[in-house]
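In what follows, a single structure is set out as structure tokens and then discussed.
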Amino acid sequence: MVSPAIALAFLPLVVTLIIRYRYYFVLFYRAFLVRVWQDCATGLSREERAFQYVLTNATPGDPDSILEAFDQWCSKVEFISNIGPKKGKILDRLLMEQSPMTVLELGAHCGYSAVRMARCLPLGARLYSVEMDQRNATIAEKVIRLAGFDDDTLIVSPSDEVIPRLRSDYGLETVDFVFMDHWKKCYLPDLQLLEGSGLLGKGSMILADNVLFPGAPNFLRYVRKSGLYEWRIHQATLEYIRGIRDGMAELVYQGIKGGRAG
Amino acid sequence: MTKCGVSVLTTGDEDEVSSCYEEHEWGKNRVKGREKEREKKKRGNARKKGASRAGRGDEELEERAERGEKGRRRRKRDNHDGKGRERDEEEQAEEKSGRAAKNKKNLKNERTRKMEQEERDTEEGDAKRKKKNESAKREEKKEDGGKRAVKEKANAVKTKKHKKKVETSEEEDVEEEEEEEKEKELRPESLSPEELEKLKEAVDEKKKLIQTLRGKPWPMKKKLSTLRESQEFLEKYEGALGKGKGRRLYAYKVMMTKKWMKFQRDFENFKTACIPWEMKIKEIESHFGSSVASYFIFLRWMYGINMILFGLTFGLVMVPEALMGRPYGSMPRKTVPRADEASAMDFAVLWDFGGYAQYSVLFYGYYNNQRAIGWLKFRMPLSYFLVGVGTVAYSYMVVIRTMARNANESGGGDDNSFNFSWKMFTSWDYLIGNPETADNKFASITTSFKEAILEEQESRKDDNIHLTRFLRVLANFLVMCCLAGSGYLIYFVVRRSQKFALDGLDNHSWWERNEVNMVMSLLGMFCPMLFDVISTLENYHPRIALQWQLGRIFALFLGNLYTFIIALMDEINLKRKEEEIVKFNMTVWEASLYNGTVPENSTAPPVTIHPADVPRGPCWETMVGQEFVRLIISDTMTTYITLLIGDFLRAVLVRFLNYCWCWDLEAGFPSYSEFDVSGNVLGLIFNQGMIWMGAFYAPCLPALNVLRLHVSMYLQCWAVMCCNVPQERVFKASGSNNFYMAMLLVILFLSTLPAIYTIVTIPPSFDCGPFSGKSRMFDVIQETLESDFPAWFSKVFSYASNPGLVLPFLLLMVLAIYYLQSTSKSFKEANVELKKKLQMQNEENKKKSKRAALKAAMDLEEARKAMTQNGRNATPLLTDQEGQLPATRAPVPRTYHHGNHGAPGYLPGIPRQTEARVHRAPSLQRH
Numbered sequence: 001m002v003s004p005a006i007a008l009a010f011l012p013l014v015v016t017l018i019i020r021y022r023y024y025f026v027l028f029y030r031a032f033l034v035r036v037w038q039d040c041a042t043g044l045s046r047e048e049r050a051f052q053y054v055l056t057n058a059t060p061g062d063p064d065s066i067l068e069a070f071d072q073w074c075s076k077v078e079f080i081s082n083i084g085p086k087k088g089k090i091l092d093r094l095l096m097e098q099s100p101m102t103v104l105e106l107g108a109h110c111g112y113s114a115v116r117m118a119r120c121l122p123l124g125a126r127l128y129s130v131e132m133d134q135r136n137a138t139i140a141e142k143v144i145r146l147a148g149f150d151d152d153t154l155i156v157s158p159s160d161e162v163i164p165r166l167r168s169d170y171g172l173e174t175v176d177f178v179f180m181d182h183w184k185k186c187y188l189p190d191l192q193l194l195e196g197s198g199l200l201g202k203g204s205m206i207l208a209d210n211v212l213f214p215g216a217p218n219f220l221r222y223v224r225k226s227g228l229y230e231w232r233i234h235q236a237t238l239e240y241i242r243g244i245r246d247g248m249a250e251l252v253y254q255g256i257k258g259g260r261a262g
Numbered sequence: 001m002t003k004c005g006v007s008v009l010t011t012g013d014e015d016e017v018s019s020c021y022e023e024h025e026w027g028k029n030r031v032k033g034r035e036k037e038r039e040k041k042k043r044g045n046a047r048k049k050g051a052s053r054a055g056r057g058d059e060e061l062e063e064r065a066e067r068g069e070k071g072r073r074r075r076k077r078d079n080h081d082g083k084g085r086e087r088d089e090e091e092q093a094e095e096k097s098g099r100a101a102k103n104k105k106n107l108k109n110e111r112t113r114k115m116e117q118e119e120r121d122t123e124e125g126d127a128k129r130k131k132k133n134e135s136a137k138r139e140e141k142k143e144d145g146g147k148r149a150v151k152e153k154a155n156a157v158k159t160k161k162h163k164k165k166v167e168t169s170e171e172e173d174v175e176e177e178e179e180e181e182k183e184k185e186l187r188p189e190s191l192s193p194e195e196l197e198k199l200k201e202a203v204d205e206k207k208k209l210i211q212t213l214r215g216k217p218w219p220m221k222k223k224l225s226t227l228r229e230s231q232e233f234l235e236k237y238e239g240a241l242g243k244g245k246g247r248r249l250y251a252y253k254v255m256m257t258k259k260w261m262k263f264q265r266d267f268e269n270f271k272t273a274c275i276p277w278e279m280k281i282k283e284i285e286s287h288f289g290s291s292v293a294s295y296f297i298f299l300r301w302m303y304g305i306n307m308i309l310f311g312l313t314f315g316l317v318m319v320p321e322a323l324m325g326r327p328y329g330s331m332p333r334k335t336v337p338r339a340d341e342a343s344a345m346d347f348a349v350l351w352d353f354g355g356y357a358q359y360s361v362l363f364y365g366y367y368n369n370q371r372a373i374g375w376l377k378f379r380m381p382l383s384y385f386l387v388g389v390g391t392v393a394y395s396y397m398v399v400i401r402t403m404a405r406n407a408n409e410s411g412g413g414d415d416n417s418f419n420f421s422w423k424m425f426t427s428w429d430y431l432i433g434n435p436e437t438a439d440n441k442f443a444s445i446t447t448s449f450k451e452a453i454l455e456e457q458e459s460r461k462d463d464n465i466h467l468t469r470f471l472r473v474l475a476n477f478l479v480m481c482c483l484a485g486s487g488y489l490i491y492f493v494v495r496r497s498q499k500f501a502l503d504g505l506d507n508h509s510w511w512e513r514n515e516v517n518m519v520m521s522l523l524g525m526f527c528p529m530l531f532d533v534i535s536t537l538e539n540y541h542p543r544i545a546l547q548w549q550l551g552r553i554f555a556l557f558l559g560n561l562y563t564f565i566i567a568l569m570d571e572i573n574l575k576r577k578e579e580e581i582v583k584f585n586m587t588v589w590e591a592s593l594y595n596g597t598v599p600e601n602s603t604a605p606p607v608t609i610h611p612a613d614v615p616r617g618p619c620w621e622t623m624v625g626q627e628f629v630r631l632i633i634s635d636t637m638t639t640y641i642t643l644l645i646g647d648f649l650r651a652v653l654v655r656f657l658n659y660c661w662c663w664d665l666e667a668g669f670p671s672y673s674e675f676d677v678s679g680n681v682l683g684l685i686f687n688q689g690m691i692w693m694g695a696f697y698a699p700c701l702p703a704l705n706v707l708r709l710h711v712s713m714y715l716q717c718w719a720v721m722c723c724n725v726p727q728e729r730v731f732k733a734s735g736s737n738n739f740y741m742a743m744l745l746v747i748l749f750l751s752t753l754p755a756i757y758t759i760v761t762i763p764p765s766f767d768c769g770p771f772s773g774k775s776r777m778f779d780v781i782q783e784t785l786e787s788d789f790p791a792w793f794s795k796v797f798s799y800a801s802n803p804g805l806v807l808p809f810l811l812l813m814v815l816a817i818y819y820l821q822s823t824s825k826s827f828k829e830a831n832v833e834l835k836k837k838l839q840m841q842n843e844e845n846k847k848k849s850k851r852a853a854l855k856a857a858m859d860l861e862e863a864r865k866a867m868t869q870n871g872r873n874a875t876p877l878l879t880d881q882e883g884q885l886p887a888t889r890a891p892v893p894r895t896y897h898h899g900n901h902g903a904p905g906y907l908p909g910i911p912r913q914t915e916a917r918v919h920r921a922p923s924l925q926r927h
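Keeping their order, the protein sequence lines are chains S and G.
Using UniProt numbering, read the first sequence as starting at 1 and increasing by one per residue.
Using UniProt numbering, read the second sequence as starting at 1 and increasing by one per residue.
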């Protein structure tokens with residue numbers, strides 16, 4: 001029988017852990033516990049709940065108000081790992097600077113980032129969103145329509161199946177901008193697929209969200225080593241939660257150096 | 001050019017003559033007769049031009065192309081060489097600087113014309129020497145004069161090529177010397193004394209060059225190549241000096257010097273290799289920066305001290321007792337009592353330092369109070385006492401000496417006055433050799449810059465200062481609460497353990513028996529983490545944060561330690577009461593024994609009693625020793641286990657679970673641990689404090705500590721390199737060494753306090769230890785004085801220890817300390833004053849030079865204006881444009897060719913600078 005005094009001696013440790021990792025506890029509570037509870041209580045999925053909220057609170061046809069409603073819901077009510085307003089600003093800026101004509105989005109989720117990107121695209125640009133889950137895809141479709149965009153194509157399929165078919169089925173030559181926000185494990189294989197299919201031209205930009213938390217270490221390691229990219233990491237915090245550090249990796253495809261040049 | 005020269009005049013006579021001419025020319029040029037020289041030069045130039053017009057061969061053309069602008073520059077300079085002095089200056093400078101730089105270029109030149117070079121160089125060397133010592137010069141000049149006559153004739157035949165060669169030769173002369181010496185080495189006997197002299201001089205010069213190389217403002221590449229060449233040169237020709245026997249002797253000497261140097265260097269290397277763990281620490285330093293390394297250096301230093309303490313106790317106490325004292329089983333205090341005999345060899349008992357371990361040299365109780373033991377008449381009790389005092393005294397001495405040394409070293413500048421300059425120039429840690437750490441350091445420097453800028457901005461606003469202050473107060477309040485809580489917990493546990501002890505320990509579980517140690521270790525482990533978390537509130541610079549952290553952990557440990565000591569004191573009192581009872585019982589027991597035995601056999605009553613059966617007192621000294629040993633052991637175990645679990649296991653998990661985990665373990669949540677400098681340092685310091693406290697009652701403690709430090713050195717080195725990551729904010733810890741030392745000193749003082757208190761106030765046990773039977777432990781000194789020293793000595797001693805003498809002495813010491821303190825304070829003030837003065841002067845100088853530069857620029861403008869008005873009305877626009885520039889333009893390198901046209905010779909302020917500007921006038925003219 002362990003004496004109570006020894007148990008009490010562990011109190012500082014517990015307090016330390018709680019203080020140090022408080023944001024993670026908050027995240028766990030909001031992203032998991034609340035979700036499970038609400039799933040059971042309402043019978044709707046998280047995305048559907050979010051859509052309902054947006055429907056009731058946003059102005060149709062106004063992407064900004066839709067985004068704001070999403071942000072509101074995600075920070076006040078429940079948690080969905082959208083790109084969020086802060087990292088979204090970086091995304092907006094990059095898109096403005098780049099003004100790509102063909103944009104590929106991997107992982108549409110519930111359409112937040114699609115709306116966000118579509119807002120910043122130049123006239124005549126086209127956005128291809130890839131979403132694996134059917135239910136999420138329908139919601140994303142609705143959200144995008146609600147925002148008043150119809151110049152984009154939503155592809156419902158796993159990303160690793162879509163990418164090789166992009167050229168044949170959708171007539172894409174090159175992709176100017178790729179936004180990755182799907183499964184973190186898929187970042188690396190998808191990047192390699194993109195390279196292999198020749199969709200990336202010189203100067204194509206790839207933006208990968210959440211590379212630090214939850215993190216895509218293999219992806220980063222590959223990018224660092226391959227030498228095909230000019231890359232940098234935008235330091236930020238996790239969306240809707242302040243204390244967790246996260247980052248977005250911005251890669252610019254440079255093409256294969258040396259080999260073909262000579 | 002050179003080939004051509006050789007082909008034209010290879011006949012020895014002419015050659016010699018020509019070289020004489022050169023010698024004369026150069027020598028003269030340097031020494032005296034500048035006007036004449038100029039004239040001659042002009043003549044020479046004229047001749048040269050004529051010759052060049054006449055006889056220019058193909059080879060020469062090639063050569064010219066090769067040499068390009070250098071030659072051109074030379075010639076230009078020759079045109080203006082009326083400025084003899086300046087020219088000389090420049091020549092010297094170029095001779096120095098040119099040596100290495102021109103090597104490659106000159107290789108080509110040197111290929112063919114060794115003979116010629118040789119001679120010319122000899123003479124050149126002569127010329128140099130001449131310049132150096134006036135007396136020798138005169139004689140040679142005469143000679144020169146004689147030869148000149150011959151030369152004039154020969155010169156007519158000569159082409160200007162040779163001349164040109166001369167022009168360039170000063171740059172080449174080193175190389176040429178080398179070449180020439182190569183020749184010489186082949187047949188050193190054939191060298192004339194002059195040549196030898198020259199060679200010696202060259203060798204000396206090389207040596208000088210090597211010595212002064214470090215201070216030269218050259219690029220590293222050049223320095224390296226120069227150094228290598230010079231060393232090669234020395235190696236080749238140093239031995240060649242001297243002649244016959246003398247030469248051999250000289251060669252031998254040189255060889256021996258070289259051997260000696262090599263030996264010295266090897267010895268240095270050897271010495272470095274002998275410093276224990278030096279390479280390990282250097283490696284860690286390169287990976288983790290100096291703050292982590294400072295911990296290991298501290299650990300090593302501690303190890304050294306403990307080695308000496310161990311040597312003292314082991315050599316003067318434990319070994320003599322084991323070898324010469326009475327053997328085990330001869331006395332009650334040296335025998336395991338009958339009741340414990342069965343379990344005395346059990347591992348659990350030995351692990352608790354009971355049983356046979358308790359009745360051995362490891363603990364106080366085993367020692368006998370016999371005054372002198374063995375054939376050496378070793379004074380055991382005295383030695384025991386003196387070693388106990390000596391270890392503490394030695395520790396004080398070492399700590400204070402180290403502190404004083406550190407204080408001298410760190411007497412540098414103040415960090416406050418030039419914040420950004422300090423950051424700019426001193427923030428890099430040059431010992432870092434690991435790219436990751438370098439990245440971290442780079443990032444930390446940039447952030448520190450940002451922070452400093454922000455701070456600078458905010459220091460003017462200071463609206464946030466209240467929040468910061470509030471947070472700091474809050475943090476301290478929280479820490480206080482935490483300290484109080486842990487103190488209460490320990491107090492509670494100690495009280496409980498006393499209750500358990502009264503009940504009898506066997507009725508309780510292992511957890512309850514080891515509660516005190518466990519709780520102390522756990523609190524010592526976890527509270528610092530809490531402090532760390534709390535200290536993020538305060539937002540201090542990491543170095544200051546580290547000191548705060550250290551202070552807090554210090555307070556925590558101190559509280560724990562003193563609670564422990566207070567508990568021990570209680571226990572000592574209990575034991576002493578027990579001892580009284582035992583003493584009383586003993587007399588009863590002895591009386592009954594004698595009563596029982598006397599009727600039977602009156603001769604030898606004690607023989608029948610085995611020492612194990614004799615009743616004995618509790619011996620509180622051994623108990624104290626045991627407690628300390630147990631504490632050390634449990635502390636060590638906790639440290640190692642924390643290391644293994646907290647660092648190693650965590651690292652393994654993070655590393656290998658990362659392949660199949662849903663987030664990035666390495667970058668995110670658990671991550672690898674950082675090395676906790678403050679916690680480790682304090683652990684070390686408190687461990688040492690416990691050693692100092694307990695070493696008197698358990699002579700084995702220093703040995704144990706040496707073992708522990710040794711193991712932890714290897715273990716921690718390994719753990720750091722294998723499972724820790726460099727700190728996110730790497731910072732230099734050069735200043736924190738004395739902070740550690742100060743803490744060590746405080747701990748030393750605080751740990752000697754209770755030890756001295758027990759020694760002085762509590763009478764020793766009656767039946768165990770070297771002081772048994774005495775009323776106080778220090779009585780052993782009086783005893784020794786009385787019996788081992790002559791009577792007068794003890795008398796003197798008693799006079800000396802008279803309060804009437806001691807008190808004035810103490811007073812004197814206090815006065816001396818006060819005096820030294822005040823003088824050092826005044827010195828410090830003077831230093832500050834001087835520093836201020838220096839700063840003022842610096843600023844003044846800066847202003848002055850700025851003013852001078854401005855003035856010079858204005859002068860230049862004026863000069864230019866004057867010039868343009870005088871002669872150059874055609875291009876006023878150009879001059880105007882130029883006139884605006886010089887203030888912003890960097891000064892042109894000096895090229896000392898003054899125009900013949902009269903640029904105004906007004907050189908105010910800094911002459912060189914203005915000159916550099918003024919001479920741009922000719923370039924203007926050329927436009």
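We put the CB at the ideal spot given by N, CA and C, even for glycine.
Computed from a predicted model, the values in this text were never measured in an experiment.
Beta carbon of residue i nearer than 7 Å to that of residue j
i                 : j                 : result
Ile-685 (chain G) : Met-637 (chain G) : no
Gly-625 (chain G) : Tyr-364 (chain G) : yes
Ala-140 (chain S) : Gly-111 (chain S) : yes
Asp-246 (chain S) : Leu-212 (chain S) : yes
Pro-320 (chain G) : Phe-385 (chain G) : no
Val-479 (chain G) : Ile-553 (chain G) : no
Ala-703 (chain G) : Val-629 (chain G) : no
Asp-71 (chain S)  : Pro-60 (chain S)  : no
Closest Cα partner of residue i within the set the options
i                     : options                                       : result
Met-569 (chain G)     : G:Phe-298, G:Thr-761 and G:Ala-857            : G:Thr-761
Ser-159 (chain S)     : S:Asp-39, S:Lys-86 and S:Met-132              : S:Met-132
residue 928 (chain G) : G:Ser-794, G:Asn-560, G:Lys-846 and G:Ala-856 : In this structure chain G extends from 1 to 927, so residue 928 (chain G) is not present and cannot be described.
Ser-775 (chain G)     : G:Thr-758, G:Asn-464, G:Ala-719 and G:Thr-823 : G:Thr-758
Collapsed DSSP secondary structure at residue i in the structure displayed
i                 : result
Ile-66 (chain S)  : helix
Lys-202 (chain S) : strand
Trp-422 (chain G) : helix
Opposing strand residues paired with residue i [DSSP bridges]
i                 : result
Tyr-253 (chain S) : S:Tyr-229
**OP:** May I ask you to verify whether the region 237 to 246 of chain S touches the region 186 to 201 of chain S, counting CB pairs closer than 8 Å and requiring at least 3?
**Re:** When Cβ pairs closer than 8 Å are counted between the two stretches, the region 237 to 246 of chain S is seen not to touch the region 186 to 201 of chain S, the count staying below three.
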